[in-house]
Amino acid sequence: MRFRRPKELLGKVNVKIALQMLGRLSIISVISLVLATINNLGNHKNYWERTIFATQTVDFNILSHTLPTKLSLALLEGETEELQRTLDSNYGLFGLVVTNCESAIADCPEQEILYYSNSRRLWKEGLKVENLTNEPYDLLRDPPPLFAERKYTRRYQPEADPTGMVNRGEIIGRVYYVRRVPPTFAESYGKWARGLLRFQHSPSIFSLTTGIFLTGGAVVWLLIEFMLYRKRREKKQLLEEARNIREELEQKVKQNEALIAVREKGREELEDYRREQQSIATELKIAIADYEQKIVDFQHQQDDSQTSLQELRNQLAWAVEYQVEAQEEIDRRSEAIANLENCLNSQNREQQEMTRTLEKLQRQLQETEEREGRTNEQIVSLNQKIAELTREYDQAIQQSADLQSQLREQADVEQLRRALESAREESECIKEQSRDFEVYITAENERLAAKIRQLENELGEHRSRILYLESRLEDREVGDHHVSDWIKPEDCFTPANLSRSNISSLSSSEVIRGLHRLEFVTDHQTGSHVHLKKTLFCTVPHPNKDVPYGTLKNILQFGKISEQELRDNF
10 MRFRRPKELL GKVNVKIALQ MLGRLSIISV ISLVLATINN LGNHKNYWER
60 TIFATQTVDF NILSHTLPTK LSLALLEGET EELQRTLDSN YGLFGLVVTN
110 CESAIADCPE QEILYYSNSR RLWKEGLKVE NLTNEPYDLL RDPPPLFAER
160 KYTRRYQPEA DPTGMVNRGE IIGRVYYVRR VPPTFAESYG KWARGLLRFQ
210 HSPSIFSLTT GIFLTGGAVV WLLIEFMLYR KRREKKQLLE EARNIREELE
260 QKVKQNEALI AVREKGREEL EDYRREQQSI ATELKIAIAD YEQKIVDFQH
310 QQDDSQTSLQ ELRNQLAWAV EYQVEAQEEI DRRSEAIANL ENCLNSQNRE
360 QQEMTRTLEK LQRQLQETEE REGRTNEQIV SLNQKIAELT REYDQAIQQS
410 ADLQSQLREQ ADVEQLRRAL ESAREESECI KEQSRDFEVY ITAENERLAA
460 KIRQLENELG EHRSRILYLE SRLEDREVGD HHVSDWIKPE DCFTPANLSR
510 SNISSLSSSE VIRGLHRLEF VTDHQTGSHV HLKKTLFCTV PHPNKDVPYG
560 TLKNILQFGK ISEQELRDNF
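Just so we're aligned: the sequence shown equals residues 10 to 579 in our numbering.
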């Protein structure tokens with residue numbers, strides 16, 4: 010296919026536009042001439058049937074009052090030349106005919122025409138006695154008449170009315186008033202047109218009307234050409250905008266392809282991170298299960314030690330009651346028991362610390378699982394956004410193709426404008442979504458990198474704590490063996506987590522006040538108990554009364570606080 014140069018295309022377009030302009034000018038000129046001709050037809054009819062008719066009626070009315078007297082006098086005195094000059098005084102615009110009819114009856118077929126006005130008008134060609142029957146006339150008398158016997162009361166009245174006056178004298182003839190025969194519109198229009206071609210035409214209503222219509226047609230043509238020029242300019246601008254939008258869409262396509270590649274890479278990294286987190290969670294679960302089993306074994310050992318301690322106390326009581334002589338041995342054993350109690354208290358505190366550490370590890374494992382779930386949700390949400398962006402990208406491509414097809418088919422300008430506006434809005438929307446998606450991908454990668462570093466740190470801490478707990482358990486096992494070698498198993502005992510001897514009587518108001526300072530809030534009250542909540546839930550008796558030992562122990566366990574923390578916040 011041979012591509013033409015822009016100048017050649019411009020020249021052909023200009024010639025085509027010029028021809029179209031000339032065609033429209035010709036059509037508007039023809040329409041203006043046709044409308045002017047129709048209007049001139051009405052002007053011609055109004056001129057002859059109203060203006061000329063009214064003028065001749067006025068002339069006939071004046072002549073009816075003067076002409077019969079002069080013509081009668083001229084006939085009686087034989088002044089034929091003066092009579093002819095009088096008949097020719099109207100320039101032949103209408104006919105004045107004198108006959109020899111001596112009858113007063115309207116129909117006078119025997120009359121003869123004696124004199125008439127010299128004229129080259131059409132009325133003279135049809136001048137015959139038979140044609141005078143329908144024309145108005147006045148009677149000529151001897152002596153000459155003094156009064157007018159007929160008159161026209163209105164300008165447009167076709168026939169004269171009698172005045173009621175009668176002149177005396179012998180009738181010597183008649184004078185007829187013959188109206189001018191109007192030319193046809195074709196004859197008048199042809200004569201006017203021939204005058205225009207010969208440059209011999211004087212101004213007339215035809216020229217004025219035709220000039221007005223042609224001027225109006227020229228104004229309409231100029232308005233139409235101006236509107237078409239504006240539309241051509243708008244169309245050119247729209248085509249330019251369409252080309253720019255198409256280029257922007259092509260750039261966006263390339264950007265979207267790059268973003269899709271980044272998205273695929275980010276998704277692969279997220280999948281790797283999720284698998285790594287799953288493996289870490291599995292390892293933590295296995296470690297927690299091992300520690301739980303070790304704690305259960307340790308609790309069994311404590312139960313055995315407590316049983317042995319109770320038996321030792323029974324034996325000590327029996328020895329104090331029945332063997333006074335073994336006082337020194339009893340003192341020694343009492344001192345051993347006190348040392349053992351201190352050791353067991355220390356072990357109990359270490360057990361509490363290990364229990365809290367285990368609970369903390371369980372919570373951290375739960376938080377890790379929750380973060381893994383949120384990460385999976387983010388992956389699903391990100392995939393949905395990517396799918397939505399892909400659909401919008403396909404829609405933009407489809408709209409671009411539709412727009413190109415509309416440009417090739419030279420569609421209506423208004424429809425093209427709406428399509429371009431829709432494409433522009435869609436392009437802006439895709440642009441904003443691309444920017445938002447790019448920012449979101451960058452922020453998400455940074456956040457995931459920070460989260461990975463944080464989880465790695467937490468994993469290192471967990472591993473160090475696990476090593477620490479394993480060393481403590483080994484030390485505890487060594488200590489248990491040492492205590493077993495020092496005293497008999499039946500001499501061991503295990504105190505409660507909250508010693509009854511170390512806690513004083515507390516009122517419920519003091520407990521509630523201490524819990525409030527530890528960021529507990531009152532949830533509601535049911536009967537004789539007030540329910541407080543923080544992240545955990547605990548129940549305290551109400552109203553003010555002493556809290557039993559078992560109830561206080563449960564409150565401290567459920568609130569995850571120690572007795573000293575509660576006392577420090579009274």
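Ideal Cβ placement from N, Cα and C applies to all residues, glycine included.
Classification of residue i by the beta-carbon crowding that lies within 10 angstroms, buried from 16 upward
i      : result
Ile570 : buried
Val184 : buried
Thr142 : exposed
Gly523 : buried
Asn49  : buried
Ser314 : buried
Leu268 : buried
Arg341 : exposed
Ser126 : buried
Asn52  : buried
Val520 : buried
Glu47  : With the sequence shown as reference, residue 47 is identified as Ile, and Glu is not the correct amino acid for it. Classification for Ile47: exposed.
Gln311 : buried
Ser288 : exposed
Thr60  : exposed
Val389 : exposed
Ser473 : exposed
Rounded separation between residue i and residue j - CA only
i      : j      : result
Asn265 : Gln373 : 39 Å
Arg252 : Met236 : 24 Å
Leu84  : Val39  : 59 Å
Asn70  : Ile114 : 21 Å
Cys110 : Arg150 : 11 Å
Tyr165 : Ala157 : 20 Å
Met174 : Ile221 : 52 Å
Ser587 : Gln29  : With the chain covering only 10 through 579, there is no way to say anything about residue 587.
Phe62  : Pro145 : 14 Å
Lys200 : Arg94  : 30 Å
Ser343 : Lys562 : 29 Å
Arg358 : His309 : 17 Å
Arg242 : Glu196 : 49 Å
Glu250 : Gln387 : 39 Å
Ser128 : Ser98  : 11 Å
Leu44  : Trp230 : 15 Å
Thr89  : Phe194 : 38 Å
Ala459 : Ile297 : 26 Å
Arg365 : Val530 : 23 Å
Arg380 : Ala290 : 11 Å
Residue i (DSSP reduced to helix, strand or coil)
i      : result
Pro77  : helix
Thr142 : coil
Ile114 : coil
Glu179 : strand
Leu105 : strand
Val187 : strand
Tyr125 : strand
Thr66  : helix
Ser571 : coil
Ser390 : helix
Ser343 : helix
Leu136 : coil
Thr219 : helix
Glu277 : helix
Ser41  : helix
Asn323 : helix
Glu91  : helix
Tyr282 : helix
Tyr100 : coil
Strand pairing of residue i, partner residues [DSSP]
i      : result
Val305 : Answer is none; Val305 lacks a bridge partner.
Ser516 : Asp555
Leu148 : Arg183
Arg159 : Pro171
Residue i: CB within 7 Å of a non-hydrogen atom of the ligand ZN
i      : result
Ala270 : With respect to the ligand ZN, the structure shown offers nothing to examine, as it has no ligands at all.
Integer-rounded CB distance, given that residue j should sit under 8 Å from residue i
i      : j      : result
Asn140 : Leu155 : So it is not a contact: roughly 30 Å between Cβ atoms.
Asp147 : Arg163 : Contact flag wrong, Cβ pair sits at about 19 Å.
Leu82  : Pro153 : 5 Å
Leu102 : Tyr186 : Their Cβ separation, rounded to whole angstroms, is 12 Å, which puts Leu102 and Tyr186 out of contact at 8 Å.
Ala169 : Ser41  : That belief does not hold up - the Cβ atoms of Ala169 and Ser41 are roughly 44 Å apart, past 8 Å.
Arg188 : Gln65  : 6 Å
Leu457 : Tyr282 : 7 Å
Within-8 Å CB hit, residue i to chain B
i      : result
Ile521 : The structure shown contains no chain B; it is built from a single protein chain.
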